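In short: position in the sequence shown from 1, add 40, done, that's this note's numbering. C-beta: ideal position from N, C-alpha, C; glycine also. Predicted model only: the values in this text are computed from it and were never measured. The next block holds one structure in the form of structure tokens; read it before the comments.
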Amino acid sequence: MRLKRLAHVFRDKKTSARIALILSVLSTIVGLFLAGINPLFLPLIQTLAIYPFYIFDIRHVWTKRAVNKVLLWALGATITMIVISYFMTD
């Protein structure tokens with residue numbers, strides 16, 4: 041039952057795009073905090089946030105959707121990084 045609900049989240053275009061955007065913001069924030077421990081955590085956590093959505097779309101031959109989702113994810117991560125950099129200045 042849970043797998044069907046999860047598959048529905050991945051299949052629904054708008055829901056998966058929203059989740060990808062939210063995950064990009066959250067993964068950037070968490071990655072920046074963990075980057076104090078090891079700098080590799082930031083790109084690792086960001087990659088893990090988008091990878092399942094990207095692979096699901098590619099496997100279903102929805103390349104345009106996959107590209108759009110990754111671009112939305114990158115935009116969310118970039119804006120989050122800009123906002124954090126702006127407010128964390130010395």
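Annotation for Asn108: the continuous alpha helix (DSSP H) segment containing it runs 103 to 127. When DSSP states are grouped into helix, strand and coil, Asp52 belongs to the coil group.
Look at Ala75 here: in three-state DSSP terms it is coil, with no helix or strand label. Excluding sequence positions up to five before and after Val70, its CB lies within less than 7 Å of the CB of Ile85, all in the same chain and listed in chain order. One Cα belongs to Ala106, the other to Tyr126, and the distance between them is close to 30 Å. Judged by DSSP secondary structure, Leu82 falls within the alpha helix (DSSP H) whose first and last residues are 81 to 99. If you draw a straight line from the Cα of Ser67 to the Cα of Ser56, it comes to about 16 Å. Note that the C-beta distance between Ile90 and Val65 is not below 9 Å.
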